[in-house]
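The structure appears right after this line, and notes come after that.
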Amino acid sequence: MVDASRVHPALPRFLRWADPESRLLLVRAAPETGRIWFAKSWMGDRKGAVHDFSERPFEVLEELEKISLLLARDPQLHAAVVLAPGHTVC
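Residue numbers (my numbering): 1117 to 1206.
Here you go:
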């Protein structure tokens, strides 16, 4: 279990309305907002990884397709994807 003192302060509020069955989290936020901390807090001890695309160019369809294929192959896998504010996902 993750140490509660190391959990991002916004995570409990987010989890109250988030789908508990979700295995993919997309975080799009400005630098210095704790976006990686939030993603790592959401991941906790789950099997998976945080993918940080916030500081480099991001090919949305290509990168998300790779992550989606990994999630499809393993129903226990989780992924958090951290994006910069300018990244779009549609």
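Note that the Cβ used here is the ideal one computed from N, Cα and C, for glycine as well.
Alpha-carbon spacing of residue i relative to residue j, whole angstroms
i: Ala1134; j: Trp1158; result: 11 Å
i: Asp1130; j: Val1123; result: One detail in the question is off: residue 1130 reads as Phe in this sequence, not Asp. Each residue's Cα considered, the two are about 12 Å apart.
i: Glu1181; j: Leu1193; result: 15 Å
i: Leu1127; j: Val1143; result: 12 Å
i: Asp1168; j: His1203; result: 12 Å
Nearest to residue i (by Cα), restricted to the options the options
i: Ala1155; options: Ala1200, Thr1149, Gly1202, Ala1196; result: Ala1196
i: Arg1139; options: Asp1161, Pro1201, Phe1169; result: Asp1161
i: Arg1189; options: Leu1141, Gly1164, Leu1199, Arg1144; result: Gly1164
i: Glu1137; options: His1203, Pro1191, Val1166; result: Pro1191
Own chain partners of residue i with C-beta closer than 7 Å, once the 5 adjacent residues on each side are dropped
i: Ser1170; result: Arg1151, Val1198, Leu1199, Ala1200
Close beta carbons around residue i, own chain, < 6 Å, minus the five adjacent residues each side
i: Ala1145; result: Arg1151
i: Glu1178; result: none
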